[in-house]
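Chains as they are written, first to last, in our numbering: chain A, 48 to 449; chain B, 32 to 340. Glycine included, each C-beta is placed from N, C-alpha and C at the ideal position. Report on the following structure.
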Amino acid sequence: MNRPVAAGNTRRIRIAGLAALVAVALIFPFVASPFGNSWVRIADMALLYIMLALGLNIVVGFAGLLDLGYIAFYAIGAYTAGMFASPQVASVIESFVNTYPAIGHFLIWLCGPEIAQNGIHLSLWMIVPLAALLAGIFGVVLGAPTLRLRGDYLAIVTLGFGEITRIFMNNLNGPVNITNGPQGIDRIDPIRIFGLSLAGEPGSGSTVHLLGMSMPSVNAYYFLFLAQCALIIFISLRLQNSRLGRAWVALREDETAAGAMGINTRNVKLLAFAMGATFGGVAGSMFGAFQGFVSPESFTLTESIAILAMVVLGGIGHIPGVVLGGALLATLPELLRHVVEPIQLELFGKVWIDAEVLRQLLYGLALILVMLARPAGLWPSSRPENRPQAALNQEAADETRA
Amino acid sequence: MDILLQQIINGLVLGSMYALIALGYTMVYGVLDLINFAHGAILMIGAMAAVTILRLLNELAPGLPGGLQLGIAIVGAVPVCVAVNVLVERVAYRRLRGSSRLAPLITAIGVSIFLQTLAMMIWGRNPIPFPQLLPSAPVEVGGALITPTQILLLALALAAMASLAVVIEKTRLGRAMRATAENPRVAGLMGVSTDRVIVATFAIGAALAAIAGVMWAANYSGAHFAMGFLPGLKAFSAAVLGGIGNIYGAMLGGILLGLIESLGAGYIGDVTGGFLGSNYQDIFAFIVLVGVLMLRPSGIMGERVADRA
Chain A
48 MNRPVAAGNT RRIRIAGLAA LVAVALIFPF VASPFGNSWV RIADMALLYI MLALGLNIVV
108 GFAGLLDLGY IAFYAIGAYT AGMFASPQVA SVIESFVNTY PAIGHFLIWL CGPEIAQNGI
168 HLSLWMIVPL AALLAGIFGV VLGAPTLRLR GDYLAIVTLG FGEITRIFMN NLNGPVNITN
228 GPQGIDRIDP IRIFGLSLAG EPGSGSTVHL LGMSMPSVNA YYFLFLAQCA LIIFISLRLQ
288 NSRLGRAWVA LREDETAAGA MGINTRNVKL LAFAMGATFG GVAGSMFGAF QGFVSPESFT
348 LTESIAILAM VVLGGIGHIP GVVLGGALLA TLPELLRHVV EPIQLELFGK VWIDAEVLRQ
408 LLYGLALILV MLARPAGLWP SSRPENRPQA ALNQEAADET RA
Chain B
32 MDILLQQIIN GLVLGSMYAL IALGYTMVYG VLDLINFAHG AILMIGAMAA VTILRLLNEL
92 APGLPGGLQL GIAIVGAVPV CVAVNVLVER VAYRRLRGSS RLAPLITAIG VSIFLQTLAM
152 MIWGRNPIPF PQLLPSAPVE VGGALITPTQ ILLLALALAA MASLAVVIEK TRLGRAMRAT
212 AENPRVAGLM GVSTDRVIVA TFAIGAALAA IAGVMWAANY SGAHFAMGFL PGLKAFSAAV
272 LGGIGNIYGA MLGGILLGLI ESLGAGYIGD VTGGFLGSNY QDIFAFIVLV GVLMLRPSGI
332 MGERVADRA
């Protein structure tokens with residue numbers, strides 16, 4: 048008779064914990080913004096990273112496909128916002144007119160003078176689905192050639208695709224300027240929801256007025272990102288327990304057996320790539336609109352590895368763990384920046400390890416130490432089927448059997 | 032000037048460096064089935080160690096001839112790289128032997144980031160100029176130009192690969208390595224100390240990477256904490272192209288990839304009507320990698336097809 052009571056207790060503790068977490072998350076910007084908007088900005092970026100980590104978790108954690116080029120989808124989302132919510136298309140058309148007049152004039156005829164003059168300015172409700180769609184398509188296109196590859200080869204090939212995406216974004220400014228090359232695309236429209244601009248109306252000093260309250264722009268973005276994070280967590284949870292989620296686990300643990308049980312491994316793998324990419328694309332479009340500027344240097348391999356480190360540190364395949372990992376690795380370097388640099392100035396009179404170096408050190412060490420000491424991550428799932436650690440040791444078991 | 036011959040010479044120079052690096056990947060893959068992602072960082076450490084050695088030489092014994100300085104730099108960089116790579120194997124990889132491929136691979140990525148950051152802390156984040164130690168005036172060969180540094184590079188790569196072939200084919204250690212690559216457990220039962228073989232593999236790979244790193248810095252007159260990443264990745268593609276696990280495959284794959292890159296970058300402008308330029312040079316290696324993995328995963332000279340891809 049004790050067990051149901053105990054189970055009820057843990058359940059109650061869980062709900063209380065969750066409620067406390069939600070309350071803290073909701074109150075945070077109001078407490079933090081008096082200390083400076085930079086703190087809320089850090090939280091905004093952390094939320095974007097958490098979205099990315101959750102997306103990568105679908106590919107790496109659920110389906111067991113190690114994707115080292117995940118940042119490419121973030122880049123595609125960000126460049127979607129850059130192309131379709133800024134004057135960029137106008138300069139693309141102008142560049143075509145100058146280089147290939149025939150194509151240029153066709154484009155002007157196709158788009159009309161308005162677009163040729165001011166570019167395309169789609170609203171959020173168009174940008175997000177478009178970013179999701181484009182990233183999803185790229186996910187499938189990049190995933191398709193890698194279907195037959197396993198484990199380590201897949202990692203290197205996806206890494207290559209990530210780099211190719213960045214190389215193209217860096218170089219597609221000649222002979223026809225499409226992406227502006229290394230300079231990137233600027234003047235991206237801020238997000239506007241039901242007529243409310245999250246960057247604040249011009250002249251308001253980036254203050255947003257909502258429901259009689261006024262708050263800094265970063266706070267408004269914070270709440271938008273928080274809502275999106277909650278939605279992505281919800282989708283991830285539902286996916287994990289769905290038929291598709293169980294198919295991913297089966298695929299991860301043993302591809303041959305999964306195929307023998309009637310799972311269409313090709314489609315299921317492609318779906319993992321597409322869904323992970325979709326999340327990345329949405330996060331990317333948010334990033335583009337939030338920054339108002341995108342350039343290829345935000346999408347280097349280091350960022351892909353950073354996201355992988357978040358997933359690995361928190362706990363591959365365990366959603367609360369991944370959120371924890373993302374929150375820790377996105378905010379720790381920033382928090383330490385305000386601690387480590389003053390301490391070094393105090394002790395040595397100069398800064399030996401600056402924040403950027405520290406960030407990289409943390410990522411590197413997180414990957415090494417977690418794999419050596421705690422392969423299931425800081426907060427592993429209590430359900431063994433959600434812990435790919437079993438899969439990590441699978442081959443050893445196979446070998447012993449053979 | 033003969034452009035085709037020039038591109039072939041450039042390709043051979045580039046390819047011989049890829050071959051030296053690819054050998055480190057392929058040997059480690061042969062004995063451990065591990066893609067040693069940190070191998071590119073070892074190459075960078077070789078170049079950086081050479082920079083430091085050259086600075087010390089300039090302070091302690093100024094006025095040495097350039098060739099001698101370069102020789103001392105290479106001889107000094109090799110033990111540094113060997114020490115780092117053996118240490119990495121001992122600390123990071125050994126405990127993960129027996130787990131699946133993903134755990135050591137993730138660790139290797141971490142090691143790579145860690146070593147790069149460490150180098151950034153020691154040598155700074157800006158590119159370091161590498162002194163011109165050999166005469167810079169190029170020699171003309173049949174209408175194409177080749178610098179003395181590049182001639183030395185080709186000679187060194189050839190010598191290193193020939194000695195490696197002798198070690199692998201003729202010595203006790205080489206036989207032990209081949210046995211371990213074939214089947215570690217059986218090799219252990221036959222009295223091979225597999226731990227020592229693995230350490231030796233990492234050491235030899237690091238020595239070759241050190242030579243490649245110093246010559247890379249000498250050829251391009253600069254060193255940088257991130258310089259090893261792209262060559263490392265391309266050398267891995269070269270190893271796959273040649274057939275991973277096979278040392279002659281790595282040599283062939285490296286040279287071929289160098290030629291593909293050099294000729295590709297030289298002619299891509301003509302082929303695409305000027306739409307794509309030589310700034311797309313870096314994508315050839317990835318296209319080769321994906322193509323080989325899709326069409327012939329065992330590479331040109333690889334034999335074991337099953338379960339490799």
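query: Does DSSP put A:G151 in a helix, in a strand, or in coil?
result: helix
- prompt: Using a Cβ-Cβ cut-off of 6 Å (strictly less than) and excluding sequence neighbours within five positions of B:L164, which residues of its own chain qualify?
  reply: G97, Q100, L101
message: Please report the distance separating the alpha-carbon of A:I155 from that of A:P148.
response: 10 Å
field: Buried or exposed by the 16-neighbour rule on C-beta atoms within 10 Å, applied to B:R339
entry: Note that B:R339 scores 38 on pLDDT, short of 50, meaning its location in the model is unreliable; the coordinates nonetheless yield the value given after this. That one is buried.
- prompt: With distances taken from CA atoms, which of A:T378, A:T312, A:V370, A:L278 is nearest A:L291?
  reply: A:T312
- prompt: Taking 8 Å as the CB-CB limit, is A:P148 close to chain B?
  reply: no
task: Using the Cα positions of A:A443 and A:R213, report the straight-line distance between them to the nearest angstrom.
output: Because A:A443 sits at a pLDDT of 44, beneath the cut-off of 50, its placement in the model cannot be relied upon, and the following sentence gives the value as read from the coordinates. Between A:A443 and A:R213, the C-alpha separation is close to 37 Å.
message: With H, G and I counted as helix, E and B as strand and the rest as coil, what does DSSP make of B:S293?
response: helix
message: Output needed in chain order: residues of the region 303-314 of chain B with a Cβ under 9 Å from some Cβ in chain A.
response: G305, F306, L307, G308, N310, Y311, D313, I314
- prompt: For B:V62 and chain A, any beta-carbon pair shorter than 8 Å?
  reply: no
message: Beta-carbon within less than 6 Å of B:G30's beta-carbon, same chain only, minus the 5 sequence neighbours each way: which residues are those?
response: Because chain B in this structure spans residues 32 to 340, residue 30 of chain B falls outside the shown range and cannot be described.
6 Å Cβ shell around A:M322 - same chain, five flanking residues per side excluded: I105
- prompt: Counting only beta-carbon atoms, is A:G159 nearer than 8 Å to chain B?
  reply: no
task: Compute the Euclidean distance between the alpha carbons of A:T447 and B:L294, then round it to the nearest angstrom.
output: With a pLDDT of only 41 at A:T447, under 50, the local geometry of the prediction cannot be trusted, and the value read off the model is given with reservation. When rounded, the distance between both Cα atoms is 48 Å.
Residues of the region 390-412 of chain A with Cβ closer than 8 Å to any Cβ of chain B, in chain order: For chain B, the residues of the region 390-412 of chain A that bring a beta carbon within less than 8 Å of one of its beta carbons are W399, I400, V404, Q407, L408, Y410, G411, L412, in chain order.
- prompt: How about B:A134 and A:P422: are their beta carbons less than 8 Å apart?
  reply: yes
- prompt: Relative to the alpha-carbon of A:V204, which residue among A:P427, A:Q275, A:G116 has its alpha-carbon at the smallest distance?
  reply: A:G116
task: Find the residues of chain A that neighbour B:G174, judging by a C-beta separation of less than 8 Å, and give them in chain order.
output: What B:G174 touches in chain A: nothing, since even the nearest Cβ is about 31 Å away.
- request: Helix, strand or coil for A:M260, going by three-state DSSP, please let me know.
  value: strand
Between the CA atoms of A:V144 and B:A270 - distance to the nearest angstrom: 45 Å
- request: Identify the continuous alpha helix (DSSP H) that holds A:E388 and give its terminal residues.
  value: 366-395
task: Taking B:R126 as the query, report the chain A residues whose CB atoms sit under 8 Å from its CB, ordered along the chain.
output: Result: L419.
message: Tell me which residues of the region 343-369 of chain A have at least one Cβ-Cβ distance to chain B shorter than 8 Å, keeping chain order.
response: L348, T349, I352, L355, A356, V359
query: Starting from B:L220 and walking both ways along the alpha helix (DSSP H), at which residues does that stretch end?
result: 215-220
task: Give the residues of chain B in contact with A:N218, contact being defined as C-beta atoms less than 9 Å apart.
output: L307, G308, N310, Y311
query: Can you tell me where the alpha helix (DSSP H) with A:V136 in it begins and where it stops?
result: For A:V136, the uninterrupted alpha helix (DSSP H) run begins and ends at 135-146, by DSSP.
query: B:L320: which of B:L63, B:I242, B:G273 sits nearest, CA to CA?
result: B:G273
message: Just verifying my parser: in three-state terms, what is the DSSP assignment at B:S194?
response: helix
- prompt: Could you give the residue range of the alpha helix (DSSP H) that holds B:I34?
  reply: Annotation for B:I34: the continuous alpha helix (DSSP H) segment containing it runs 34-63.
field: Where B:M152 meets chain A, residues with beta-carbon distance less than 9 Å
entry: W399, I400, V404, L408
query: Going by beta carbon distance, what residues of the same chain come within less than 7 Å of A:V417, once the five residues before and after it are set aside?
result: Closer than 7 Å at Cβ, skipping near neighbours: V359, L360, G424.
Pairwise C-alpha distance: A:F109 and A:I89: 28 Å
query: Between the Cα of A:G207 and the Cα atoms of A:G190, A:N220, A:F281, which residue gives the shortest distance?
result: A:G190
task: Give the straight-line distance between the Cα atoms of A:I140 and A:N218, rounded to the nearest whole angstrom.
output: Using only the alpha carbons, I get a separation of about 17 Å.
task: With a threshold of 16 other CB atoms inside 10 Å of the CB of A:N227, please say whether the residue is buried or exposed.
output: buried
- request: With A:E161 as the anchor, note down where its alpha helix (DSSP H) starts and where it stops.
  value: 160-165
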